[in-house]
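Trainee: Please read through the structure below; I'll follow up with questions.
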Amino acid sequence: MDRRAPLKPVQRAILLSLAIGLPVWFVYVFYRMPRLSNLPRMFFVPEPLSAALLSLTFGLAVSAILVLFMANRRRMGSVLKPNRGRLIVAAFLGFTMHIWNAEFMPIVPIGLAIALLPESFLFFVLFVFLGALLSVLWYIPSCLIVSGVRSKPWRVALVALFWLGTASGCILIFGVTDLI
Numbered sequence: 030m031d032r033r034a035p036l037k038p039v040q041r042a043i044l045l046s047l048a049i050g051l052p053v054w055f056v057y058v059f060y061r062m063p064r065l066s067n068l069p070r071m072f073f074v075p076e077p078l079s080a081a082l083l084s085l086t087f088g089l090a091v092s093a094i095l096v097l098f099m100a101n102r103r104r105m106g107s108v109l110k111p112n113r114g115r116l117i118v119a120a121f122l123g124f125t126m127h128i129w130n131a132e133f134m135p136i137v138p139i140g141l142a143i144a145l146l147p148e149s150f151l152f153f154v155l156f157v158f159l160g161a162l163l164s165v166l167w168y169i170p171s172c173l174i175v176s177g178v179r180s181k182p183w184r185v186a187l188v189a190l191f192w193l194g195t196a197s198g199c200i201l202i203f204g205v206t207d208l209i
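Residues in the sequence shown are numbered consecutively from 30, following the numbering used here.
Here it is in structure tokens:
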């Protein structure tokens, strides 16, 4: 009997990214893009070809999380133990994740908090709270990165991939609006 070798994590991530990215692209092209095009004040609505690249980037980020979870599912107790590296990555992802795009400028919680500090202390506290909440949501993926990947350059690459995947998802969901 011919037994094939199991897929390596990178191969598994690429196949999962296609399995996730293609349905996201179809939903965007046939459902979301016509609705975004009719909204006022839209600066940029991705065309189908650029939306394919954005949906594959989003799919690769989601599939990387899934592959890391599948590789570490038997040792989740030790993976989720907090340490300095995991908390730093979670805080970085939470405070710098896209929540909106305006004229290709990412709107992130820490940027809004600093920009709105002279206007109102309440808004500052609100966006710091939003960044802290997003940090809690990104804690599990940050633990999977820190404990599941030994090489520091690959860790940095995965953090960048998650950041780009979130940006791609925001552009596909919201489009890019005008600042004014």
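Just so it is clear, CB atoms sit at the ideal spot from N, CA and C, and this is done for glycine as well.
Because the structure is a prediction, the values reported are computed rather than measured.
Whole alpha helix (DSSP H) runs in the stretch 101–131 with 4 or more residues, listed along the chain?
Mentor: Correct list: 105–108 and 113–125.
Trainee: Return yes when the Cβ of residue 173 is within less than 9 Å of the Cβ of residue 51, no when it is not.
Mentor: No. Outside cutoff.
Trainee: At which residues does the alpha helix (DSSP H) containing residue 153 begin and terminate?
Mentor: Looking at the DSSP string, the run of the alpha helix (DSSP H) that includes residue 153 is 150–166.
Trainee: Closest to residue 154 by CA distance: which of 139, 176, 164 and 167 is it?
Mentor: Among 139, 176, 164 and 167, the Cα nearest to that of residue 154 belongs to 139.
Trainee: Mark residue 46 as exposed unless 16 or more other C-beta atoms lie within 10 angstroms of its C-beta, in which case mark it buried.
Mentor: With 16 or more Cβ atoms within 10 Å of its Cβ, residue 46 is classed as buried.
Trainee: When you compare the CB positions of residue 58 and residue 77, do they come within less than 9 Å of one another, or not?
Mentor: Yes.
Trainee: Helix, strand or coil: how does DSSP classify residue 135 here?
Mentor: Strand.
Trainee: Could you say which of 195, 126 and 136 lies nearest to residue 162 if we only look at CA atoms?
Mentor: Measuring from the Cα of residue 162, the nearest candidate turns out to be 126.
Trainee: On a CA-only basis, which of 105, 131 and 42 is nearest residue 72? Give me that one, please.
Mentor: Of the candidates 105, 131 and 42, the one whose C-alpha sits nearest the C-alpha of residue 72 is 131.
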